[in-house]
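Student: I'd like to ask you about the structure that follows.
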Amino acid sequence: MEKAASESQVAEFVRAAREKKAPFEIVAGGTLRAVGKPLANLPLLDVSGLSGIIKYEPEELIVTAAPATPLTEIAAVLGEKNQRLGFDPADWSQVLASNGVATLGGAASADASGSGRLRHGGARDSLLAFRAVNGLGETFRGGAKVVKNVTGFDLPKLVCGAHGTLCVLTEMTFRVYPRPQLAVTLCLSDVTPDTGFAALRKIAHSALEPAGLAYLPSSMSGSMMPDVGQGAALIKLEGAAKPLEEKLAMAHGLLGNAASRIDSDPFVAIGSGDQFADLPGDIWRVMIAPSDAPRVARELNAQYWLGDWAGGLLWLAAPPSDAARIRAIAAAAKGQAMLLRASAESRVLYGLYAPQPEALAGVSRAVKAAFDPLFLFNPGRL
Numbered sequence: 000m001e002k003a004a005s006e007s008q009v010a011e012f013v014r015a016a017r018e019k020k021a022p023f024e025i026v027a028g029g030t031l032r033a034v035g036k037p038l039a040n041l042p043l044l045d046v047s048g049l050s051g052i053i054k055y056e057p058e059e060l061i062v063t064a065a066p067a068t069p070l071t072e073i074a075a076v077l078g079e080k081n082q083r084l085g086f087d088p089a090d091w092s093q094v095l096a097s098n099g100v101a102t103l104g105g106a107a108s109a110d111a112s113g114s115g116r117l118r119h120g121g122a123r124d125s126l127l128a129f130r131a132v133n134g135l136g137e138t139f140r141g142g143a144k145v146v147k148n149v150t151g152f153d154l155p156k157l158v159c160g161a162h163g164t165l166c167v168l169t170e171m172t173f174r175v176y177p178r179p180q181l182a183v184t185l186c187l188s189d190v191t192p193d194t195g196f197a198a199l200r201k202i203a204h205s206a207l208e209p210a211g212l213a214y215l216p217s218s219m220s221g222s223m224m225p226d227v228g229q230g231a232a233l234i235k236l237e238g239a240a241k242p243l244e245e246k247l248a249m250a251h252g253l254l255g256n257a258a259s260r261i262d263s264d265p266f267v268a269i270g271s272g273d274q275f276a277d278l279p280g281d282i283w284r285v286m287i288a289p290s291d292a293p294r295v296a297r298e299l300n301a302q303y304w305l306g307d308w309a310g311g312l313l314w315l316a317a318p319p320s321d322a323a324r325i326r327a328i329a330a331a332a333k334g335q336a337m338l339l340r341a342s343a344e345s346r347v348l349y350g351l352y353a354p355q356p357e358a359l360a361g362v363s364r365a366v367k368a369a370f371d372p373l374f375l376f377n378p379g380r381l
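At position 30 of the sequence shown (counting the first as 1) the number is 29 in numbering that gives the first Met the number 0, and the numbers step up by one without a gap.
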């Protein structure tokens with residue numbers, strides 16, 4: 000294992016690897032090493048030394064940090080100024096049974112966006128700029144450190160969700176958002192998936208700007224929300240005291256005064272998939288059009304599942320034998336099924352996502368080659 004604590008050390012390592020034509024695995028906090036196809040017996044580049052907040056400008060709504068900065072550190076510093084990351088980074092440590100540290104770079108590289116993605120978009124919508132080292136051992140920049148600038152966002156969008164296959168990130172600049180004074184979660188109990196998701200879509204299409212919309216069947220409510228009957232539709236609203244009361248009144252009007260407040264905020268656990276940590280089998284994240292959620296949930300026919308993002312994301316646990324069927328259902332719905340947790344054998348067989356059509360796969364290879372001509376970075380992970 001080689002450790003790099005600076006951008007120049009990363010560049011030096013990459014140039015040496017290029018000369019030897021030796022691919023390698025990039026690690027920082029280590030929480031996501033079991034996501035995607037296994038990388039067997041590759042040398043490791045440990046970039047955990049690239050950690051810490053480089054510059055925080057709360058008045059400009061931007062923060063710049065090194066990629067191995069723990070998410071907890073980012074949240075604590077932003078919280079002092081009543082701010083937060085808009086994409087609500089999800090920590091998958093529990094569901095992956097990882098003892099690693101969830102980092103800013105890991106969350107962005109995996110596009111690990113939590114329930115708050117519903118309002119402010121995913122990681123690729125918040126990453127304004129970055130510095131990185133390409134496969135030639137050269138440093139380069141992408142994007143622009145300006146919130147109001149609407150150009151130059153293409154490269155940041157590419158690296159989010161690339162799982163470290165395009166470059167080695169060394170610095171990242173994110174847009175941040177004000178943290179609301181108050182938050183309230185409403186629960187519409189004893190509703191079927193059809194009724195529950197319909198209620199969530201009604202709220203999503205209103206002027207309420209919900210911070211979270213999820214459906215939990217009775218099998219997933221557990222001790223968090225007992226006695227929900229067939230299932231529960233959950234609505235998270237935020238704001239200052241008076242505007243929040245107005246939002247709640249509007250929500251009750253839309254829902255026919257059938258929802259009640261709950262004391263807890265289940266959305267951190269929902270966004271990170273914590274309820275699936277102790278369940279057997281493979282764990283999937285199926286991304287679809289929210290309007291298709293009830294039908295797709297019925298077709299998946301999983302005992303343990305839930306819907307986030309107003310139905311745009313379905314989490315489920317399933318036996319390994321269901322993998323091909325899940326992928327086929329997602330494809331038929333014009334969606335995407337991500338195999339988040341599985342055995343090494345299943346990850347080799349099915350991959351993180353379904354294979355791309357050849358035309359699109361050719362584009363992906365060309366993009367990869369432009370960043371990393373020798374395919375040194377995390378080869379085969381996707």
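Note that CB positions come from ideal geometry on N, CA and C, so glycine has one too.
For Glu170, write down the residues that DSSP places opposite it in a beta bridge.
Tutor: Glu170 pairs with Arg130.
Student: Can you tell me where the beta strand (DSSP E) holding Glu24 begins and where it ends?
Tutor: Where Glu24 is concerned, the enclosing beta strand (DSSP E) stretches over 24 to 26.
Student: Between which two residues does the beta strand (DSSP E) harbouring Val62 extend?
Tutor: Run containing Val62: 61 to 64, per the beta strand (DSSP E) assignment.
Student: Which parts of the region 270 to 334 are runs of the beta strand (DSSP E), unbroken and 3 residues or longer, counting only runs that do not cross its ends?
Tutor: If we require 3 residues or more, the beta strand (DSSP E) runs fully inside the region 270 to 334 come out as 281 to 286, 304 to 307, 312 to 317.
Student: Should Leu312 and Pro265 be called a contact, given that it needs their Cβ atoms to be closer than 8 Å?
Tutor: Taking 8 Å as the Cβ cut-off, Leu312 and Pro265 do not qualify as a contacting pair.
Student: Are the beta-carbon atoms belonging to Ala292 and Gly310 less than 8 Å from one another?
Tutor: Yes; because the gap between Cβ atoms is below 8 Å, this pair is in contact.
Student: Quick one: grab the DSSP three-state call for Phe376.
Tutor: Three-state DSSP puts Phe376 in a strand.
Student: For Lys2, tell me which candidate among Leu41, Ser47, Pro22, Thr30 has the shortest Cα-Cα distance.
Tutor: The option with the nearest alpha carbon to Lys2 is Ser47.
Student: Are there 16 or more other CB atoms within 10 angstroms of the CB of His204, so buried, or fewer, so exposed?
Tutor: With fewer than 16 Cβ atoms within 10 Å of its Cβ, His204 is classed as exposed.
Student: How many angstroms separate the CA atom of Asp90 from the CA atom of Cys159?
Tutor: Each residue's alpha carbon lies about 16 Å from the other.
Student: Note down the Cα distance separating Leu315 from Ile282, rounded to an integer number of angstroms.
Tutor: Their Cα atoms are separated by approximately 6 Å.
Student: I want to know whether the region 354 to 365 touches the region 289 to 306 - three or more CB-CB distances under 8 Å.
Tutor: Touching, no.
Student: Where does Ser7 land, buried or exposed, given buried means 16+ other C-beta within 10 angstroms?
Tutor: Exposed is the call here.
Student: Measuring CA to CA, which of Leu127, Leu247, Ser271, Arg83 is closest to Pro179?
Tutor: Selected option, being the one with the closest Cα: Arg83.
Student: Would you report the Cα separation of Ile73 and Glu56, rounded to the nearest angstrom?
Tutor: In a straight line, the C-alpha of Ile73 is about 13 Å away from that of Glu56.
Student: Over the uninterrupted beta strand (DSSP E) stretch that includes Val183, give me the two end residues.
Tutor: Per DSSP, Val183 belongs to the beta strand (DSSP E) from 181 to 188.
Student: Have a look at Leu165 and Ala16 and give me their C-alpha separation to the nearest angstrom.
Tutor: Distance between the alpha carbons of Leu165 and Ala16: 15 Å.
Student: Starting from the C-beta of Asn98, find all residues in its chain whose C-beta is less than 6 Å away, skip the five residues before and the five after it, and write them out in chain order.
Tutor: Excluding positions up to five away in sequence, the list is empty.
Student: Report the residue from Leu31, Val167, Leu117 whose alpha carbon sits nearest the alpha carbon of Ala109.
Tutor: The shortest Cα separation from Ala109 among Leu31, Val167, Leu117 belongs to Leu31.
Student: Would Ala106 and Ser92 qualify as a contact pair, given that the criterion is a beta-carbon distance under 8 Å?
Tutor: Cβ distance not < 8 Å, so Ala106 and Ser92 don't count as in contact.
Student: Output the distance between the C-alpha atoms of Cys186 and Ala240, rounded to the nearest integer angstrom.
Tutor: Between Cys186 and Ala240, the C-alpha separation is close to 19 Å.
Student: Which of the three DSSP states, helix, strand or coil, is assigned to Lys2?
Tutor: The answer is strand: DSSP assigns Lys2 an E or B state.
Student: Spatial neighbours of Leu181 within its chain, please: C-beta separation below 8 Å, excluding the five flanking residues on both sides.
Tutor: Around Leu181: Glu237, Gly238, Ala239, Ala240, Leu243.
Student: May I ask you to list the residues that DSSP assigns as paired with Asp45?
Tutor: For Asp45, which the question treats as bridged, DSSP gives the partners Lys2, Val26.
Student: Check the DSSP bridge columns for Ile234 and list the partner residues they point to.
Tutor: Leu185, Leu212, per the DSSP bridge assignment.
Student: Which value, in whole angstroms, describes the spacing of the CA atoms of Gly151 and Gly350?
Tutor: Below a pLDDT of 50, predicted positions are generally treated as unreliable, and Gly151, at 40, falls in that range; no measurement from the model is reported.
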